[in-house]
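Notes to accompany the following structure.
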Amino acid sequence: MSPITHLPSARLRVVLLLLGSVLWLFGMWLYWNTTAAARPIAQLDRLPIVRTVYFPTTGHHLSNRVGFLDFWRANGQLHTFGMPISEELVIDGRIVQYFERARFEYHPEYAGTPLQVQLGLIGQEWLARQSIALPPAAAGAAGAFFPETGYTLSGEFLEFWERRGGLPIFGFPISAEHTSDGSVIQYFERARLRYRPDALSPFLRQQQGIYGFDLDALHEVEIDDIGRQLADLLGINTAPVARLPGAVDWSPALWSRRIEVDLARQQLFAYEDQLLVFTAPVATGRDGFNTPRGAFAIYYRLPEQTMTGCLGGECWYVPNIPWVQYVVGGVALHGTYWHNAHGTGVRMSHGCINLRIDDAQWLYEWADLGVPVQIY
1 MSPITHLPSA RLRVVLLLLG SVLWLFGMWL YWNTTAAARP IAQLDRLPIV
51 RTVYFPTTGH HLSNRVGFLD FWRANGQLHT FGMPISEELV IDGRIVQYFE
101 RARFEYHPEY AGTPLQVQLG LIGQEWLARQ SIALPPAAAG AAGAFFPETG
151 YTLSGEFLEF WERRGGLPIF GFPISAEHTS DGSVIQYFER ARLRYRPDAL
201 SPFLRQQQGI YGFDLDALHE VEIDDIGRQL ADLLGINTAP VARLPGAVDW
251 SPALWSRRIE VDLARQQLFA YEDQLLVFTA PVATGRDGFN TPRGAFAIYY
301 RLPEQTMTGC LGGECWYVPN IPWVQYVVGG VALHGTYWHN AHGTGVRMSH
351 GCINLRIDDA QWLYEWADLG VPVQIY
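Residue 96 in the UniProt record's numbering is what sits at position 96 of the sequence shown, and the numbering runs on without skipping anything.
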């Protein structure tokens, strides 16, 4: 018998069609459940975008997933917290992240309020794990006394505590000032402060004696890296991780920076986009030398300059003015060592915007050429 060639029967065609449909559906199921990493990036545009930055020095990310990035930017950045030394972690049911000088904690019960991100009590936790004999609190010591812990805060540490965040950033003092490793230190619930008098230049120390009031360099009081020390003690994973796709290296220039100077309030405000990241009291031009109003930008910068000039029948020679940033003509933002009237309403200058030395240095390190300056 010769073979007979014929088309499949109607029933067979239905079976083949159903089988093909089942195989197609099974293939799609496999695609969506086992090959997610290979899907087109276009699918990601349906997800909310969360700004994530990366710190190559430590090999860790910082994001706004729970608000940590904006909290870091708004409360002192590198000077206060240092860089992240871990990724976000869940410890005891709470999202936390370790930094060189702090531990951020997410409190969802306060979501949408200033208490959403709080700082862990790393100073208290670190001290509790040490065998250190601390000096007792000095009875009747001058300064600000805190009955909550029985300790007093005074001098450089009190000034720094008040200017750089107070209770939310540092917590209460939990020791007296004392000397350790050749430096004066003091413990706080959330930090350990260290006094470094050599950060103030010999010239400024001389001027401090001449004018009779305290001058402060930005790094004269430093926050120790107790976040790193505690993380090491607790065995927290601080190993560097690979950069996530889309993450960019951190820099203040990632955001649109601008400076505003309010002449009526004698205050300066620094912004990254719409986020206020720094405030400082100023003293501006007195009558006859009024600081100009308008929209300007930083066009020239010097870490130090001797200023000389004559205007309106007055001449001046002022050496070694620190952290100078010119915004229009001869008008500059700069540090001031010959008065401490910043923010008092007493306008002292020949048109420049006078800042405390530590504030001028913070602003100099944060800003750059071309940063807009609005004076109103």
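For glycine and all other residues, C-beta sits at the position ideal for the given N, C-alpha and C.
- Counting C-beta atoms within 10 angstroms of its own C-beta, Gln97 has 16 or more neighbours from the protein chains shown and is therefore classed as buried.
- Just measuring C-alpha positions, the residue of Phe296, Tyr337 and Ala283 sitting nearest Gly209 is Tyr337.
- In the DSSP assignment, Arg257 falls within the unbroken beta strand (DSSP E) covering Arg257 to Asp262.
- Cβ neighbours of Gly143 within its own chain (closer than 6 angstroms, five residues either side excluded): Thr152, Leu153, Ser154 and Leu158.
- Counting only runs of 4 or more residues that sit fully inside the UniProt domain "L,D-TPase catalytic" (257-376), the alpha helix (DSSP H) segments are 357-366, in chain order.
- Secondary structure note for Phe157: its alpha helix (DSSP H) is the uninterrupted segment Gly155 to Arg163.
- For Phe203, the uninterrupted alpha helix (DSSP H) run begins and ends at Pro202 to Tyr211, by DSSP.
- With 16 or more other Cβ atoms from the protein chains shown falling within 10 Å of its own Cβ, Val117 counts as buried.
- Distances from the alpha-carbon of Leu233 to those of Val248, Ile122, Val184 and Ile169 put Ile122 closest.
- Bounds of the beta strand (DSSP E) holding Gln97 are Arg94 to Phe99.
- In chain order, Gly59, His60 and Glu87 place their CB closer than 7 angstroms to the CB of Val241, counting only its own chain and leaving out the 5 sequence neighbours on each side.
- Of Gly285, Gln229, Ile226 and Pro202, the smallest CA-CA separation from Asp216 is found for Pro202.
- In the same chain as Arg164, and ignoring 5 residues on each side of it, the C-beta atoms closer than 7 angstroms to its own belong to Gly76 and Thr80, in chain order.
- Under the three-state reduction of DSSP output, Thr58 falls in the coil class, being neither helix nor strand.
- Membership of Gln229 in the alpha helix (DSSP H) is indicated by the continuous run Ile226 to Leu234.
- Apart from the 5 residues on each side of it in sequence, Tyr364 sits with its Cβ closer than 6 angstroms to the Cβ of Trp323 in its chain, given in chain order.
- Shown here for Val184: same chain residues with a beta carbon closer than 8 angstroms to its own, the five before and five after excluded, namely Glu177, His178, Arg194 and Tyr195 in chain order.
- Rounded to whole angstroms, the separation of the alpha carbons of Ala253 and Thr238 is 27 angstroms.
- In the three-state reduction of the DSSP assignment, Asp70 falls in the helix class.
- A contact between stretches requires three or more CB pairs, one per stretch, nearer than 8 angstroms, and the stretch 339-346 fails this requirement with the stretch 271-278.
- Nearest to Arg65 by C-alpha distance, out of Ala102, Glu100 and Ala111, is Ala111.
- Under the three-state reduction of DSSP output, Phe170 falls in the helix class.
- The criterion of a C-beta distance shorter than 8 angstroms is satisfied by Arg192 and Asp224.
- DSSP places Gln186 in no alpha helix (DSSP H) but in the uninterrupted beta strand (DSSP E) bounded by Ser183 to Phe188.
- If the five residues before and after Asp358 are omitted, its C-beta is found closer than 7 angstroms to the C-beta atoms of Asp216, Ala217 and Leu218, all from its own chain and listed in chain order.
- Among the bridge pairs identified by DSSP, Pro84 is matched with Phe99.
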